[in-house]
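Undergrad: To start, I am sharing the structure in question, which I have written as structure tokens.
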Amino acid sequence: MVNIDQIPVEVRWRLATQAVNDLPFVYGMVYRNVVGEMYSRELDEASRQIWMEAGKEQAAVARAFALPVKNALQVAQAFSTVCVLYMGPEMDNGEVRQGEGDSAVITLERCPMYTRSLKWGMDPKKIITDCRAYCVAGVQALNPDYEMKFEKSLCAGDAGCKMRVEKKR
């Protein structure tokens, strides 16, 4: 019999995060099959709320690992790091770079939310609201003086995602 310690940590992490990343899609699919489209708006709102709460948890993880979040670049780096922790090695850590002034740009070429939407036969455009809810809540939780702006999205048909973290106006 194989003991859990005999399975490489990287493989365990990948398998665990794949399973967790599948759950929101499976739940949504099953609920929609049970209640039909009659409660579609309510299910969409519930899903958005769940992703917002997940985003808010970024702050706890950042504090636990003493990730700095005092300026836009630090917030973007912490956000990107925690996203990979949550979503696993399938998440493209992308590029995080300094933007103009107190802003930072995050670019990604792959994302498990996009991959899962395709795997489960969903239109990727249907998960943009969930993704944005997660991102906005995550940045807000990391440092309430900053916000996330979206410029490109895999789910909208772009070649990748491009987001900007900047000081609130």
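Quick note, the sequence shown lines up with residues 103 to 271 if you use this note's numbering.
Note that CB positions come from ideal geometry on N, CA and C, so glycine has one too.
Computed from a predicted model, the values in this text were never measured in an experiment.
(1) Mind checking who Gln200 pairs with in its DSSP beta bridge?
(2) Check whether the segment 232-243 touches the segment 149-169, counting contact only when three or more Cβ pairs, one atom from each stretch, lie closer than 8 Å.
(3) Could you tell me the boundaries of the beta strand (DSSP E) in which Arg266 lies?
(4) Taking 8 Å as the limit between beta carbons, can you name the residues of its chain near Tyr236, skipping five residues before and five after?
(5) Quick one, which of Asp194, Tyr248, Val128 and Leu117 has its alpha-carbon nearest Ser205's?
(6) With respect to the beta strand (DSSP E) encompassing Glu253, which residues constitute its N-terminal and C-terminal limits?
(7) So what's Ala166 in DSSP terms, helix, strand or just coil?
(8) Output the distance between the C-alpha atoms of Met103 and Ser219, rounded to the nearest integer angstrom.
(9) So is Gly276 buried or exposed if we call it buried at 16+ other beta carbons inside 10 Å?
(10) For Ser60, which residues of its own chain have a beta-carbon under 8 Å away from its beta-carbon, when the five flanking residues on both sides are left out?
(11) Between the segment 181-200 and the segment 209-217, do at least 3 Cβ pairs fall closer than 8 Å?
(12) Considering only the alpha carbon of each residue, which of Pro246, Gly262 and Thr231 lies closest to Gln147?
(13) Ala261: buried (16+ other C-beta within 10 angstroms of its C-beta) or exposed?
(14) Given that a residue counts as buried once 16 or more other Cβ atoms are within 10 Å of its Cβ, and exposed if not, what is Phe181?
(15) Take Gln200 as the anchor and find which of Ala178, Leu187 and Pro110 has the nearest alpha-carbon.
TA: If we stick to the structure as given:
(1) Counting from one through the sequence shown, the residue named residue 200 turns up at place 98. Its beta-bridge partners are Ala206.
(2) yes
(3) Along the sequence shown, read from residue 1 onward, the residue named residue 266 stands at position 164. Counting along the chain, the beta strand (DSSP E) containing Arg266 begins and ends at Cys263 to Lys269.
(4) If you number the sequence shown from 1, residue 236 lands on position 134. For Tyr236, where only same-chain residues beyond five positions count, the Cβ hits under 8 Å are Trp153, Met154, Ala156 and Gly157.
(5) As a first step, residue 205 must be located in the sequence shown, where it is residue number 103. Looking at the Cα atoms, Tyr248 is the closest of the given residues.
(6) Position 151 of the sequence shown, counted from the start, is the residue given in the question as residue 253. Taken as a continuous stretch (DSSP letters only), the beta strand (DSSP E) holding Glu253 covers Tyr248 to Lys254.
(7) In the sequence shown, the residue the question calls residue 166 occupies position 64. In the structure shown, Ala166 sits in a helix (DSSP, three-state: H, G or I).
(8) Translated into positions along the sequence shown, residue 103 becomes position 1. Translated into positions along the sequence shown, residue 219 becomes position 117. Near 35 Å, if we compare the C-alpha coordinates of Ser219 and Met103.
(9) For residue 276 there is no data in the structure shown, the boundaries of the chain being 103 and 271.
(10) Only positions 103 to 271 of the chain appear in the structure, and residue 60 is not among them; the question remains open.
(11) yes
(12) What you label residue 147 is simply residue 45 of the sequence shown in a count that begins at 1. The sequence given here has Glu at residue 147, not Gln. Comparing Cα-Cα distances from Glu147 to each of Pro246, Gly262 and Thr231, the minimum goes to Thr231.
(13) The residue given as residue 261 occupies position 159 in the sequence shown. With fewer than 16 Cβ atoms within 10 Å of its Cβ, Ala261 is classed as exposed.
(14) Along the sequence shown, one-based indexing puts residue 181 at 79. Its Cβ being crowded by 16 or more others within 10 Å, Phe181 is buried.
(15) Along the sequence shown, one-based indexing puts residue 200 at 98. Closest by alpha carbon: Ala178.
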